[in-house]
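Here the structure is laid out as structure tokens; the discussion comes afterwards.
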Amino acid sequence: MTLRFPSLSFFLPLLFLLVSLSGRAQVRFVAQAPQIVGGNEQVRLQFVLNNADGSDFTPPAITDFEVLAGPSTSTFSSTQIINGRTTSSSSVTYTFILAPKRKGTFRIGAASVKANGRVLRSQPLTIKVGSAPGATAQQGQPHNAAADPAAQMQRAGSRIGERDLFFTATISKRKVYEQEPIMLTYDFHARVGVGLANVMLRQKPDLKGFWTQEIALPRNLSPRLATLGGKTYRVGTNLQYLVFPQQTGRLTIPAVTFDCDIRQQNYAIDEVDAFFNGMGSLNVKVQRATTPLTVEVLPLPRPRPSDFSGGVGRMALKEHLVSPTPKTNDIATVRLVVSGMGNLKLIKAPQLTLPKGFDTYPAKTTDHTRITAEGITGEMWFDYNFVPRNIGTYTLPAATLTYFDTTTERYVTLRTQPLTLHVAKGNRSAEAADSELALRNADIRDLHTQADVPFAEGGWSWIGSWRYMLVLSLFVLLGLVLERVLLRWVARRNDTEGRRRHKASTRAHRRLQAAEREQRRDGAAFYDALSTALMGYFADKFSLDVSALTRQQIAEELRRRGVDAAEVEAIHHLLEDIDYGRFAPHTETAEHEHLFRRANDLIHRLDLQLR
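Position one of the sequence shown corresponds to residue 9 (my numbering), numbered consecutively onward.
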């Protein structure tokens, strides 16, 4: 019997298959997280799929931790050739940023993913949450900006739900009296991880039935962190109004709509492409609206006093003589000062009765109030001018002011103490006093003329003498020189825009020094100072109001002045990064130094182009 062995052609494919399988990297799916963390630490939970392309990733149920961000997906691949041998590896990482809800030992179950036609499951993990900082912090690992929820952005294409970003309208009181001030506040609430970059009010609220005063908010007002429904939000104030109801009954504050720009990160983009395309971030536009509010306005109690001034709030009344010792036919002034808090700008002038023989004039009102969160506070001055015609001692009767006190809910009448006035004899006539009063109120005054005095005949100044002509020529020459010098001086003094542009760089570098001091102390303050420096620089260069300056307007002004498109794009990205940092500030010193250098170099380059 003859034995036949398989030919070599049979073993070669089998040999190549075995070599291929032996050199192929192993497919694994593992979970990674620190074993011990502190109660205030954030937990970076990762599920890593090695050497395969995954699909249908299913995370475990996470109940003992708050999910601040994730899952974000990142990929990695590498190929090496060593001594003619080629090896390759790849991985797909699914990352969550978690915050512990309480102390204790907690179990995170297995995640699953499909790879190479089968379902892979990771191993369960156990994490111990204590009061002290965890082991990962003690080992001094460098801070990773991606683990910071304030710096983490949503993945491009992520849904922005109604609970991820919303706006609220709140009022300080829902039941008030007519003319009683109410604070109306509009706030945004952006969940950590939502990169809110810009907010614009579509249309101002139509507050019918209210007298309104808008409260000026600081330009660099930083958001604050707040926990709502177990979730962490960044909360900031967009608008504030002080409103005074002018009608009674149920008044409605309508809903308003805000247009928002949200930045999301495209993690799948190539690093080189990301560098030239805004670091891989995309802008998504969404709209959010507030809900209407209802205010119940109570009428002021009846009957109202006949001398009611219309004032509502808490007030005080003072009286004093601006001219303590007037003389006959002199103009004197008595001043009534209404101070306190309430609708001070809407009250009528207090009642003041002067003795007979005094010529009186309507009160002149001066506003010394300011708008605060409590209402309008300060003082209103009412100046009453009068002219005493006769000498003697007179008593100025008490002045009165009746207003409604919201604390006691009743009408209050304020009275001053009578004033004693001693009028001495003056040197002016009644006609002179009347003429001065007329001049004070007149727009055109009479010209005062004077007879010309001729030069002395035969003197050195006699018209036609050589001395006269010499002096006249010198005066003309001096006048021409002074005219040119003064015109140049006045032009420089009046050219406020030119001086502002000339000093723009100096002011910007001074503000950058303030930002540099904030680098290692406070991340939010650093971004605010950096934004103030750049926006102030552009406002000075373009002679515009910094409060109304936008990135689009800056780009248009730069193009109009001949700045190349690449430079304009770089400026746009720098302002975007700073605005995003203000809403989600980085704490890395290296990031701060990088932004600071970009801003400093930008100002230096623009100074060379915008001379």
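Every residue, glycine too, gets a C-beta built ideally from N, C-alpha and C.
All values derive from a computational prediction rather than experimental measurement.
Asn58, enclosing beta strand (DSSP E) - first and last residue = Annotation: the continuous beta strand (DSSP E) that includes Asn58 extends over Val51 to Asn58.
Identify, in the order they occur along the chain, each residue of the same chain with its Cβ nearer than 8 Å to the Cβ of Leu306, setting aside the five sequence neighbours on each side.
-> Excluding sequence neighbours, Leu306 sits near Lys183, Val184, Tyr185, Glu186 and Thr256.
Who are the Cβ neighbours of Ser166 in its own chain at under 7 Å, not counting the five residues just before and after it?
-> For Ser166, where only same-chain residues beyond five positions count, the Cβ hits under 7 Å are Gln272.
Helix, strand or coil for Leu485 per DSSP?
-> Helix at Leu485.
Which term fits Arg590, buried or exposed, when burial requires 16 or more other beta carbons within 10 angstroms of its beta carbon?
-> Buried, by the Cβ-count rule.
Nonlocal neighbours in the same chain, by C-beta distance under 7 Å from Ile379, ignoring five residues either side = So the list reads Gln221, Ile223 and Leu250, once near-sequence residues are dropped.
Which whole-angstrom value is the C-beta distance of Phe394 and Leu362, which I expect to be below 8 Å?
-> Contact between Phe394 and Leu362 holds, with the beta-carbon distance rounding to 6 Å and staying under 8 Å.
What is the DSSP secondary structure of Tyr369, reduced to helix, strand or coil?
-> Correct three-state label for Tyr369: coil.
Which residue from Glu599, Gly570 and Asp615 puts its Cα closest to that of Leu542?
-> Comparing alpha carbon positions, the residue from Glu599, Gly570 and Asp615 closest to Leu542 is Asp615.
Going straight from the alpha carbon of Pro189 to that of Met323, what length do you get?
-> Roughly 14 Å between the two C-alpha positions.
Per the contact definition of three or more C-beta pairs closer than 8 Å, is the stretch 69-79 in contact with the stretch 39-47?
-> Contact between the stretch 39-47 and the stretch 69-79 is absent, because fewer than three Cβ pairs lie under 8 Å.
Taking only the alpha-carbon atoms, compute the straight-line gap between Ala234 and Leu495 and give it to the nearest angstrom.
-> Those two C-alpha atoms are separated by around 60 Å.
Three-state secondary structure (DSSP) of Ala263 | In the three-state DSSP reduction, Ala263 falls in the coil class, being neither helix nor strand.
Selected residue, minimal CA-CA separation from Asn206, among Arg475, Asp585 and Leu610 | Answer by Cα proximity: Asp585.
For the beta strand (DSSP E) that contains Asn246, what are its first and last residues?
-> First-last of the beta strand (DSSP E) with Asn246: Lys239 to Pro253.
Is Ala340 helix, strand or coil by DSSP?
-> Secondary structure of Ala340 (DSSP, three-state): strand.
Alpha-carbon spacing of Ala600 relative to Thr240, whole angstroms | Checking the displayed sequence, the identity of residue 600 turns out to be His instead of Ala. Going by the C-alpha atoms only, they are around 25 Å apart.
Nearest candidate by alpha-carbon position, reference Pro67, set Phe316, Leu133 and Ser99 = Comparing alpha-carbon positions, the option among Phe316, Leu133 and Ser99 lying closest to Pro67 turns out to be Leu133.
Is the CB-CB distance between Phe196 and Gly237 below 7 Å?
-> No; because the gap between Cβ atoms is not below 7 Å, this pair is not in contact.
Among Asp375, Thr415 and Thr260, which one has its Cα closest to the Cα of Lys356?
-> The shortest Cα separation from Lys356 among Asp375, Thr415 and Thr260 belongs to Asp375.
Report all residues from its chain with a CB closer than 7 Å to the CB of Thr385; omit the five preceding and five following residues, and keep chain order.
-> Within the same chain, Thr385 has close Cβ partners Met349, Thr377 and Arg378.
In angstroms with no decimal places, state the Cα-to-Cα distance between Leu352 and Gly319.
-> If you take the alpha carbons of Leu352 and Gly319, they lie about 7 Å apart.
Spatial neighbours of Lys372 in its chain, beta-carbon cut-off 7 Å, leaving aside the 5 residues before and after | Excluding five sequence positions before and after Lys372, the CB atoms of its chain that fall closer than 7 Å to its own CB belong to Asp391, given in chain order.
Among residues of its own chain, excluding the 5 on either side of Lys433, which ones have a beta-carbon nearer than 6 Å to its beta-carbon?
-> Contacts found: Thr336 and Ile399.
Taking only beta-carbon atoms, is Tyr545 less than 7 Å away from chain C?
-> The structure shown contains no chain C, having only a single protein chain.
Assign Ala158 to buried or exposed, taking buried as 16 or more other Cβ atoms, counted over all protein chains shown, within 10 Å of its Cβ.
-> Its pLDDT being 40, under 50, Ala158 is placed unreliably by the model, and the measurement read from it follows with that caveat. With 16 or more other Cβ atoms from the protein chains shown falling within 10 Å of its own Cβ, Ala158 counts as buried.
Alpha carbon to alpha carbon, what distance is there between Ile579 and Thr299?
-> One alpha carbon belongs to Thr299, the other to Ile579, and they sit about 37 Å apart.
Tell me where the alpha helix (DSSP H) around Asp609 begins and ends.
-> Counting along the chain, the alpha helix (DSSP H) containing Asp609 begins and ends at Thr597 to Gln617.
Could you tell me the distance, in whole angstroms, from the CA atom of Arg32 to the CA atom of Gln131?
-> With a pLDDT of 48 at Arg32, under the threshold of 50, the predicted position of this residue should be treated as unreliable, and no value is reported.
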